[in-house]
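Structure, as structure tokens:
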Amino acid sequence: MRQGDSYKVEAAGRIEDLDKLRLDTNGDRLVVRQRGDNSLLSGFSFSSHPMLVTVTMPHLERLNLSGACQSDISGFHDNSLRLEASGASTSRLNVTVPRLELDLSGPARPT
Numbered sequence: 772m773r774q775g776d777s778y779k780v781e782a783a784g785r786i787e788d789l790d791k792l793r794l795d796t797n798g799d800r801l802v803v804r805q806r807g808d809n810s811l812l813s814g815f816s817f818s819s820h821p822m823l824v825t826v827t828m829p830h831l832e833r834l835n836l837s838g839a840c841q842s843d844i845s846g847f848h849d850n851s852l853r854l855e856a857s858g859a860s861t862s863r864l865n866v867t868v869p870r871l872e873l874d875l876s877g878p879a880r881p882t
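To convert a position in the sequence shown, counted from 1, into my numbering, add 771.
Here it is, written out as structure tokens:
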């Protein structure tokens, strides 16, 4: 995830895995998941090959991660950021925010 003037989503990986990738918007939310799953990023199985999903947006207020995923959040200069992560999630943050909230469960960890 990176800060930019406009909204943009790019994905790279094996075509078989990209065909299972599902992007939905719900109001001001972007939901990334595997086809047939209802939770954010939790449907990607360990047998899937790595995929890179790059999201560019002007502002980021909240990010929910679930399952075995890695996030790299950089360049955001906002008022606050809330990161909720569960499962085997790893997050690397390079942001400038006066208020940062982390809600981690399971083996999730920020770096």
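Glycine residues also receive a C-beta, built at the ideal position from the N, C-alpha and C atoms.
Using the Cα positions of residue i and residue j, report the straight-line distance between them to the nearest angstrom.
i           : j           : result
residue 870 : residue 788 : 36 Å
residue 776 : residue 826 : 12 Å
residue 858 : residue 772 : 19 Å
residue 813 : residue 774 : At residue 813, the pLDDT of 46 sits below 50, so the modelled position is not reliable; the number obtained from the coordinates is stated separately. Answer to the nearest angstrom: the Cα atoms are 24 Å apart.
residue 862 : residue 843 : 6 Å
Let me know if residue i comes out buried or exposed under the rule of 16 or more other beta-carbons within 10 Å of its beta-carbon.
i           : result
residue 794 : exposed
residue 879 : buried
Between the options, which has its C-alpha nearest residue i's C-alpha?
i           : options            : result
residue 845 : 867, 839, 856, 851 : 867
residue 801 : 783, 833, 843, 786 : 833
residue 848 : 865, 860, 836, 839 : 865
residue 782 : 805, 803, 875, 824 : 824
residue 850 : 860, 836, 831      : 831
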